[in-house]
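Chemist: Going down the list, the sequences are from chains X and C.
In terms of our numbering, the first sequence has 997 at position 39, counting the first letter as 1, and numbering is strictly consecutive.
In terms of our numbering, the second sequence has 103 at position 90, counting the first letter as 1, and numbering is strictly consecutive.
First the structure, then my questions, so here it is.
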Amino acid sequence: NAGVTQTPKFRVLKTGQSMTLLCAQDMNHEYMYWYRQDPGMGLRLIHYSVGEGTTAKGEVPDGYNVSRLKKQNFLLGLESAAPSQTSVYFCASSWVRGRIYEQYFGPGTRLTVT
Amino acid sequence: RKEVEQDPGPFNVPEGATVAFNCTYSNSASQSFFWYRQDCRKEPKLLMSVYSSGNEDGRFTAQLNRASQYISLLIRDSKLSDSATYLCVGDAGGTSYGKLTFGQGTILTVHP
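So this is what it looks like as C-alpha cells:
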C-alpha cells in the first residue's frame, strides 16, 4: 500500500497563476482533508470531504476550491495564486472506529508563490 | 485562547532520559486525542491515539484527564531517533467528521 500520496512535491507559481494539487489514497478511506502548515501557525484545515462527491469548508477555505469526484482522490485548486498562499500543503485521509477518526498524512507539497 | 495549547519547548535531553510533554484543550466536547510526531520538513505521523484514560505503547505513555482537560505524553529511555516535533491533537467534538485541532507542537532534541 502506498498510503496517501501527493503530487507535485514542489511547485513555484507566479502571482495570479492557477494550479491543482492532487491527493490520492489507496486505503479505501471515506474522509479526506487538506491542510496548510505555516511557521508559528500549526496545521490549519482548508477543506474536507466526507465521501465521494461531497466537500465542505474548513478553517481557512478562502482562495481554494476542492473536488472529490472519485473516492480515492481529493483535488485542491488555487484559481489565482497569491504570495499569502506560500505554504506546505498536506493531505490526509481517515478511517473511523466508532467515533474515533485516525488521520494519515501524505508527504506534502511545498508551494512558493512569488 | 488556542483550542489546543502545548509548551513549545525546545526540550533538550540526553539519551536515556525520561521526558514528559503536557497539553491542555479548551473544547470540552472533544472525544478523542492524538499525539503525532513530525520530523523536519516531513508529514505528521500518528504516534498514539488517546480516548480513555490512557494508552501505552512500548516506551511511550499517553494520559488523558478529562476533568482537567489535560493530555500528556511520556517518553522513557529517550533515543536519538526520538528527536522531532510532537503535536498534540484533539477532535472537534460532536459530529465533526474527524476534524482535528492541532497544537503548535513541542520540539524535542535528544543528544548523545
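Heads up, the beta-carbon is just placed ideally off N, CA and C, and yes, glycines get one too.
Please read these numbers as outputs of a predicted model, since none were measured by experiment.
Please name the residue or residues paired with Val-32(C) in a DSSP beta bridge.
Modeler: Residue 32(C) sits at position 19 when you count from the first residue of the second sequence. Its beta-bridge partners are Ile-88(C).
Chemist: For a contact defined as C-beta to C-beta under 8 Å, what are the partners of Gly-118(C) on chain X?
Modeler: Sequence index remark: in the second sequence, residue 118(C) carries index 105 (1-based). Correct list: Gly-1000.
Chemist: Which residues in the same chain have their Cβ closer than 7 Å to the Cβ of Gln-117(C), if we skip the five residues on either side of it in sequence?
Modeler: Translated into positions along the second sequence, residue 117(C) becomes position 104. The answer, listed in chain order, is Gln-19, Pro-21.
Chemist: Taking Cβ-Cβ distances shorter than 7 Å, what residues in chain X pair up with Leu-113(C)?
Modeler: Here residue 113(C) refers to the residue found at position 100 when the second sequence is read from its first residue. Going along chain X in sequence order, the residues near Leu-113(C) (Cβ under 7 Å) are Gln-1061.
Chemist: CB Lys-972(X) to CB Ala-1039(X), shorter than 9 Å?
Modeler: Taking the first residue of the first sequence as position 1, residue 972(X) is located at position 14. Taking the first residue of the first sequence as position 1, residue 1039(X) is located at position 81. Yes, these two residues count as a Cβ contact at 9 Å.
Chemist: Would you mind stating whether Asp-95(C) and Leu-121(C) have Cβ atoms separated by less than 9 Å?
Modeler: Residue mapping note: residue 95(C) aligns to position 82 of the second sequence, counting from 1. Residue mapping note: residue 121(C) aligns to position 108 of the second sequence, counting from 1. Contact flag set, yes.
Chemist: In whole angstroms, what is the alpha-carbon distance linking Val-102(C) and Ser-976(X)?
Modeler: Taking the second sequence and counting its residues from 1, one reaches residue 102(C) at position 89. Taking the first sequence and counting its residues from 1, one reaches residue 976(X) at position 18. Each residue's alpha carbon lies about 32 Å from the other.
Chemist: Would you say Leu-1003(X) lies against chain C (beta-carbon separation less than 9 Å)?
Modeler: To locate residue 1003(X), count along the first sequence from 1; it is residue 45. Leu-1003(X) counts as touching chain C.
Chemist: Out of Cys-36(C), Val-63(C), Tyr-38(C), Asn-40(C), state which residue places its alpha-carbon closest to the alpha-carbon of Glu-1060(X).
Modeler: To locate residue 1060(X), count along the first sequence from 1; it is residue 102. Residue Val-63(C) is the option with its Cα nearest to Glu-1060(X).
Chemist: Checking 9 Å against the spacing of the C-beta atoms, do Ser-1051(X) and Tyr-993(X) come in under that value?
Modeler: The count along the first sequence starts at 1 and reaches residue 1051(X) at position 93. The count along the first sequence starts at 1 and reaches residue 993(X) at position 35. No; because the gap between Cβ atoms is not below 9 Å, this pair is not in contact.
Chemist: Rounded to the nearest angstrom, what separates Lys-1028(X) and Met-985(X) at their Cα positions?
Modeler: Translated into positions along the first sequence, residue 1028(X) becomes position 70. Translated into positions along the first sequence, residue 985(X) becomes position 27. Lys-1028(X) and Met-985(X): Cα-Cα distance of roughly 13 Å.
Chemist: Is any beta-carbon of chain X found at less than 9 Å from that of Leu-77(C)?
Modeler: Locating residue 77(C) in the second sequence gives position 64, counting from the first residue. False, the Cβ-Cβ gap to chain X never drops below 9 Å.
Chemist: Give me whichever residues DSSP pairs with Val-1024(X) in a beta bridge.
Modeler: One-based indexing of the first sequence puts residue 1024(X) at position 66. DSSP output for Val-1024(X) lists Leu-1034(X) as bridge partner(s).
Chemist: Please state the DSSP three-state secondary structure of Asp-95(C).
Modeler: To locate residue 95(C), count along the second sequence from 1; it is residue 82. Reduced to three states, the DSSP call for Asp-95(C) is helix.
Chemist: Would you please state the rounded distance, in angstroms, between the beta carbons of Ser-39(C) and Glu-16(C)? I believe it to be under 8 Å.
Modeler: Here residue 39(C) refers to the residue found at position 26 when the second sequence is read from its first residue. Here residue 16(C) refers to the residue found at position 3 when the second sequence is read from its first residue. With 8 Å as the limit, Ser-39(C) and Glu-16(C) qualify as a contact, their Cβ atoms being about 5 Å apart.
Chemist: So, is the C-beta of Pro-1019(X) closer than 9 Å to a C-beta in chain C?
Modeler: Here residue 1019(X) refers to the residue found at position 61 of the first sequence. Output row for Pro-1019(X): interface = no.
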